[in-house]
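First comes the structure, then the notes that go with it.
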Amino acid sequence: MAGPAPERLKSPGGRAAGGLPASAADHALAAVPTLWLAVFFLAPLGFTVVFSFGRSTFGGVELAFTLDNYRTALSGFYGATFLRTVIFAVTASALCLAAAYPVAYFIARHTAKRRLLAVLLILIPYFSSFLIRVMALHMLMSRGGATEIVLNALHLHDGPLDLLDTQTAVFIGMVYAYLPIAIVPLFVVLDRIPRPLIEASRDLGASRLSTFLHVTLPLSRPGIATAVLLTAVPMLGEMVIPKLLGGSRGVLMGQAISSQYLQSQNYPLGSAMAVLVLLAVAVMVVALARLTKGFDEVGA
Amino acid sequence: MSTALRRRLPETALAAWYVLAVIFLFAPILAALVYSFNTGVVNKQTATWTGFTLDWFPAAWNDRSLRRAVGQSFIVAFWTALVSVGVGGALGYAMVRHPARGVRRLLAGVTYVLLIVPESVIGVSLLLFYAVTRIPLSTATLVAGITPLTIAVVALIIRARVLTLDRRVEEAAADLGSSRWQTLRLVILPQVAPALAAGAVMAYTFAFDNLVVSAFLTTPRVNTLPVYLYGSLQYGPSPAVYAAASVVFVFTLLMLGIAGLIYRSSRRSPRAGLR
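Going down the list, the protein sequences come from chains H and Y. Just so it is clear: in the first sequence, position 197 is 196 by numbering that gives the first Met the number 0, and no numbers are missing. Just so it is clear: in the second sequence, position 206 is 205 by numbering that gives the first Met the number 0, and no numbers are missing.
This is the structure we're talking about:
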């Protein structure tokens, strides 16, 4: 198998760069997922967009074109919730990134065999029940729980710990839940940075810090963008962690939307709020695309 | 500070941070495992340790609604994995190999969108969709609702594998008179089989644990384990819930371990050397 590929093995007969000509099989392979996702993903999202312009009648919905739902969703309690959610997602994602970067950096510096083990240790918790982990986190943070005992023993805190039902608890929960998802893309990018590049920088007299700041950090930009995207986006819609750890004070968009559907039965308002979340996601995607400019074709 | 110490300091700090992260990630899981042996107070879980007992494991087993929820979760996870491997496998392959560049881009774009729409938005949209189309909620509608998330995961795994395949092998098969279907079945499928298996395991695990989309699509008759647990939180969960979750976690780890072994041994086999 070694050696350069002989010329004659390349596509014979001047075929298009795409390879073999399209066949029924190719069309079927493309059509099946397109149709499935059109029905169970795009159509439902389309319904949400249409309903967001509708009018809520007593126990039903009247299709219309009104912006009233958006007005309601952007003012008063709902507007404040939306704003708080966006700030929250951005902050929690930044915290997650700050916690994940050194971990990914540490893993990427190891030899292949130890690297696998180091990544596995990060990923294994991800395969246990998410809800049970959050419930256990709740227990650990509650009064008389393990955190209180440990902090008291270390003399870092004195007396009972009032951590639950605070914003801090929600931040801890968010960082906890999304840390592995932030570590993986960072690790993948850091792992790909050629070692000689780092060595060259050091040989040319750059300190370790300035090598990191001027070589490693800029080259890891795509990983940073992916990590922020994969954490901030689900955080925008997160409804379980704020409810369990934040109590009544920490209502975020996910919960607010779900209560419009499940309790108030005001589908148009809930839809408008869902569309606002999608718009926030779109803004985030565009902003992060700028961060990865020039990296698009690298690797793939 | 000596220079040797100063050189080692960043290394040590990094290692310490890594260890802290691992402890942080494992602490709640260990707590859940440990607290499945906690006596609790009047059948409720407590943050303070009230004594060791093994009673919660048989209690979880004898709890009919809990057992039903676990059974339902297995069924939903199985069907979701099956559909996701079929649809996601096709998507991952077509994303790389479809002859038309436009189609490849469209498929990649859809997969990207799948990954960035928050789950709660998908959940409410599906609830609305089923309500408007008057499709009654069932196991099938729940499976269909979870698949968009898992299809994207499977597609990305398959895509990564197909990118490493040598296109010339497919062309050789075509030159030797094999139809496109035969090439797919006899040349491509054996090569992507380990990736399909890995995708199936991921889809299965995701579906089993899915809470947000499921919370909108379950009914009292179709109730999965996470949704059941979520509901039980209102009354304060019993330690039996932790016992059930511990058993499921150990089972998941075993499955993942087996899947990992199969994946590794298949990649080492001479067949994989085809590329």
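We put the CB at the ideal spot given by N, CA and C, even for glycine. These numbers were taken from a predicted model, which means no experiment stands behind them.
- Every alpha helix (DSSP H) stretch that sits fully inside the stretch 185 to 246 of chain H and reaches 4 residues is listed by chain position as 194 to 202, 207 to 210, 220 to 236, 239 to 245.
- Taking a Cβ-Cβ cut-off of 7 Å, the neighbours of S119/Y in chain H comprise G236, M238, G253, I256, S257, given in sequence order.
- Between the alpha carbons of A30/H and R158/Y lies a gap of roughly 17 Å.
- At least one C-beta of chain H is nearer than 8 Å to the C-beta of Y34/Y.
- Spatial neighbours of T251/Y in its own chain (CB-CB distance under 7 Å, excluding positions within 5 residues in sequence) are listed in chain order as T204.
- Contact between the stretch 67 to 79 of chain H and the stretch 257 to 276 of chain H is present: 3 or more CB-CB pairs across the two stretches fall below 8 Å.
- Residues of chain Y with a Cβ closer than 7 Å to the Cβ of L120/H are, in chain order, V21.
- Of all C-beta pairs linking the stretch 12 to 23 of chain Y to the stretch 236 to 248 of chain H, fewer than three are shorter than 8 Å, placing the two stretches out of contact.
- Any Cβ of chain H closer than 8 Å to the Cβ of Y234/Y would place that residue at the interface, and such an atom is absent.
- At a C-beta separation below 9 Å, R160/Y has no neighbours in chain H, since its nearest C-beta there lies roughly 14 Å away.
- When only Cα atoms are considered, I192/H and G75/H end up about 48 Å apart.
- Judged by their CB atoms, A117/H and I106/H are nearer to each other than the 8 Å cut-off.
- Excluding five sequence positions before and after S200/H, the CB atoms of its chain that fall closer than 7 Å to its own CB belong to T210, V214, given in chain order.
- For R167/Y, the uninterrupted alpha helix (DSSP H) run begins and ends at 166 to 174, by DSSP.
- The three-state secondary structure of G249/H, taken from DSSP, is coil.
- Between R54/H and chain Y, the shortest Cβ-Cβ separation is not below 8 Å.
- Residue-level contact by beta carbon fails for P193/H and chain Y, as no gap is shorter than 8 Å.
- Nearest Cα to A214/Y within the set M238/H, I223/H, T225/H: M238/H.
- Chain-ordered, the chain H residues with CB closer than 8 Å to the CB of T204/Y read F126.
- Scanning its chain for C-beta atoms nearer than 8 Å, with the 5 sequence neighbours on each side dropped, one finds around I261/Y the residues P193, A196, in chain order.
- The beta carbon of I261/Y sits no closer than 8 Å to any beta carbon of chain H.
- Going by C-alpha positions, G230/Y is about 36 Å away from L155/H.
- Interface annotation, F250/Y: not in contact with chain H, CB-CB separation never under 8 Å.
- Residue contact with chain H for D208/Y: present (Cβ-Cβ distance below 8 Å to some residue of chain H).
- The Cβ atoms of P179/H and I121/H sit closer than 8 Å to each other.
- The three-state reading of DSSP puts N37/Y in strand, counting E and B together.
- Of Y241/Y, V247/Y, L8/Y, the smallest CA-CA separation from V133/H is found for Y241/Y.
- Look at L155/Y: its C-beta is not under 8 Å from any C-beta on chain H.
- Not flagged as an interface residue toward chain H: R7/Y, since no C-beta distance is shorter than 8 Å.
- Here T138/Y has I74, V75, V221 as same chain residues with Cβ atoms under 7 Å from its own Cβ, once five neighbours each way along the sequence are excluded.
- Within 10 angstroms of the beta-carbon of R96/Y lie 16 or more other beta-carbons, which makes it buried.
- Residue pairing by DSSP places V60/H opposite S55/H in a beta bridge.
- When 7 Å is used as the limit between beta carbons, I134/Y is near no residue of chain H, the shortest such separation being about 11 Å.
- CA-to-CA, the gap between W55/Y and A243/Y works out to about 8 Å.
- Proximity of L195/Y to chain H, defined by a Cβ-Cβ separation below 8 Å, is not satisfied.
- Excluding sequence positions up to five before and after D190/H, its CB lies within less than 6 Å of the CB of A107, all in the same chain and listed in chain order.
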